[in-house]
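Asks: Here the sequence shown is numbered in my numbering, starting from 10 and rising by one per residue.
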Amino acid sequence: MSEEEEYAWEGWLAALDQTAVFFLDAVDELKLRQGTLRKALRKVKDTLGEALEIKIFISCRPSDWNEEFDVKALSTILPPEKIAQTQLQPKDGEQVFLQVISRKEWASNKAEREIDDQDFSDRIRVVSLLPFTRSEALEFAKLYSPSVSEQFERQLSEKELWHLYRFPYEIMSALDQLADQGQLGNLEEQLVYGINQKLREISDKKRNCLSQDKALDGAERVALAFFMTKTRSIKSISAASNESALKIQDVLTDWTFDECAELLGKPIFDPTGVGSFRFHHRSTQEYLAALRLRKLRELGLNTNDLFSQLFARVKNEEVVIPSMEPVTAWLALWYPDIYNEVKARSPSLMFRQGIPALLTVECRAELIRKYVDMYSQDKTWRGIRVDFSDLKRLSTPELSPVIRELWDIAYSGLDTRELLLELIYLAPMPTCADLALNALFDEDLPINQRTYAGWSVLEFGRQEQKEKVGKAVLKGEWPHKLVRGILSNLIPDAMCVFDFLQSQNACQRPLIMYMD
Numbered sequence: 010m011s012e013e014e015e016y017a018w019e020g021w022l023a024a025l026d027q028t029a030v031f032f033l034d035a036v037d038e039l040k041l042r043q044g045t046l047r048k049a050l051r052k053v054k055d056t057l058g059e060a061l062e063i064k065i066f067i068s069c070r071p072s073d074w075n076e077e078f079d080v081k082a083l084s085t086i087l088p089p090e091k092i093a094q095t096q097l098q099p100k101d102g103e104q105v106f107l108q109v110i111s112r113k114e115w116a117s118n119k120a121e122r123e124i125d126d127q128d129f130s131d132r133i134r135v136v137s138l139l140p141f142t143r144s145e146a147l148e149f150a151k152l153y154s155p156s157v158s159e160q161f162e163r164q165l166s167e168k169e170l171w172h173l174y175r176f177p178y179e180i181m182s183a184l185d186q187l188a189d190q191g192q193l194g195n196l197e198e199q200l201v202y203g204i205n206q207k208l209r210e211i212s213d214k215k216r217n218c219l220s221q222d223k224a225l226d227g228a229e230r231v232a233l234a235f236f237m238t239k240t241r242s243i244k245s246i247s248a249a250s251n252e253s254a255l256k257i258q259d260v261l262t263d264w265t266f267d268e269c270a271e272l273l274g275k276p277i278f279d280p281t282g283v284g285s286f287r288f289h290h291r292s293t294q295e296y297l298a299a300l301r302l303r304k305l306r307e308l309g310l311n312t313n314d315l316f317s318q319l320f321a322r323v324k325n326e327e328v329v330i331p332s333m334e335p336v337t338a339w340l341a342l343w344y345p346d347i348y349n350e351v352k353a354r355s356p357s358l359m360f361r362q363g364i365p366a367l368l369t370v371e372c373r374a375e376l377i378r379k380y381v382d383m384y385s386q387d388k389t390w391r392g393i394r395v396d397f398s399d400l401k402r403l404s405t406p407e408l409s410p411v412i413r414e415l416w417d418i419a420y421s422g423l424d425t426r427e428l429l430l431e432l433i434y435l436a437p438m439p440t441c442a443d444l445a446l447n448a449l450f451d452e453d454l455p456i457n458q459r460t461y462a463g464w465s466v467l468e469f470g471r472q473e474q475k476e477k478v479g480k481a482v483l484k485g486e487w488p489h490k491l492v493r494g495i496l497s498n499l500i501p502d503a504m505c506v507f508d509f510l511q512s513q514n515a516c517q518r519p520l521i522m523y524m525d
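1. On the three-state DSSP scale, how would you describe E431?
2. May I ask you to verify whether the stretch 277–295 touches the stretch 199–206, counting CB pairs closer than 8 Å and requiring at least 3?
3. Does L430 pass the burial test, meaning 16 or more other C-beta atoms within 10 Å, or should it be called exposed?
4. Taking the alpha carbon of L400 as the reference point, which residue from L376, P410, I418 has its own alpha carbon closest?
5. How many Å lie between E12 and L57 at the Cα?
6. With DSSP collapsed to three states, give me the class of V323.
7. At the level of alpha carbons, what is the spacing between Q160 and I67?
8. Do L300 and E229 count as a contact pair if the criterion is CB distance below 7 Å?
9. Taking C-alpha atoms, which residue in G227, L233, A224, I277 lies nearest to L173?
10. With the cut-off set at 7 Å, would you say A298 and L233 are in Cβ contact?
11. Is T142 helix, strand or coil by DSSP?
12. Closest to A29 by CA distance: which of K64, L432, C505, A188 is it?
13. Anyone know if the C-beta pair for R459 and L491 falls short of 7 Å?
14. Where L152 and G194 are concerned, what is the direct C-alpha to C-alpha distance, given to the nearest angstrom?
15. Any idea if T337 is buried or exposed, counting beta-carbon neighbours within 10 angstroms, 16 or more meaning buried?
16. Thinking C-beta only, is A445 closer than 7 Å to S465?
17. Return the residue from the list V323, P365, A341, G20 that minimises the CA-CA distance to L302.
18. Taking buried to mean at least 16 other C-beta atoms within 10 Å of its own C-beta, is P501 buried or exposed?
19. What does the alpha-carbon distance come out to for the pair F360 and I433?
20. Over what stretch of residues does the alpha helix (DSSP H) that includes P410 continue unbroken?
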């Protein structure tokens, strides 16, 4: 310190009413350099003395925080809380007598110390960063890198990949990649980039037992073990656990203690409890497990043995084993024989696992045809609806000819008709607006399907098609729920505000409240 700074420091120490606030980072690095949090905190306390109130903010990865030992370390430097005057009031003899006889024999000094420890822990707040919402992630991106934040938002919105970017570290890596390479790539490329980033971490202050290849190999083995044992978390070697818990030494039998500890300390894992970890992203776990099976097949895994882990026969129906569906979808992307099995058993699987954007237009068209062929005769809902975000990844205007080809067949099935209407809207497919218009005027269809059809016509249909919808609304013959669903798209292309208000006054229908 300079002389001026030293003078200010001495004056600050002498002020008994001041609060000392310290920010301590990298607790994990401190521990790995044969230091302890207790020693560091004691040095702080000894330097400041007893006069100051101390507030300490400690940051680290969740996996590096030990709830039991680190809280005790903090409690050693916390000054005793000031006792309120009401607590110092003398008690009468009866109060003292009742306090003595109500005390159990086992209330030993040890129990009293535990109570004191609990009092200290109440003054120590441990918090963890929650995943960002989409709006929070975008706000963070704009603050970190304004020049590429719009491109970041556009690419994630087009590919529906917001679930991969929930924490600052991930967003910063993506923005740096955009600034450096100009693009993020498809789902698989982004997963590979993120996995490598999380496994590559090297520091001269941390464990460096693992090469990146070995870390990837270990992560793949753990991911596949999760699927094979139907578990979501794994215990570290040092953690106490019951016999049924999946332990990392049971998976990585040829690894040392330090290698296992280093792998679980990588940001690819999140802690789920004391000594318990799971993958940071479910998508990462699914992809790594599939990579492991691909390597095993290349090393000679028998096809029949592999298929027995992916497929089954239940009540004369050939199915994909539900717990293995995510892994099977990735393998189907790489192996034609697995793809053919999936196409025959559950074509919608390739839509639901978040990888349809990796398929060629021809493969997407083939899967849609198979889906329609299997379910077009179903007049009732079967619960096989494809997720909205997955459909958005699947949709492309290049599928318009396929939609027209299948329209008449698919229209008879509840699920198949809904699939095609949603694809028309999401792509979007202006050349199929006439099909959506006919569906909108079909009074036998469910309201939600007519609503999708209405959105399609009003957003990218021809002007005469929009005006036809406006005239139908003005007649007041459509259900209120349907009109409310398409109301925000009606004005001004399909009708003017004046016509709408006039129709509402004439019909005395309270739809005005739904206008923006």
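For every residue, glycine included, the Cβ atom is placed at its ideal position computed from N, Cα and C.
Replies: On the basis of the data shown:
1. helix
2. yes
3. buried
4. L376
5. 19 Å
6. strand
7. 35 Å
8. yes
9. I277
10. yes
11. coil
12. K64
13. yes
14. 23 Å
15. buried
16. yes
17. A341
18. exposed
19. 16 Å
20. 409–419
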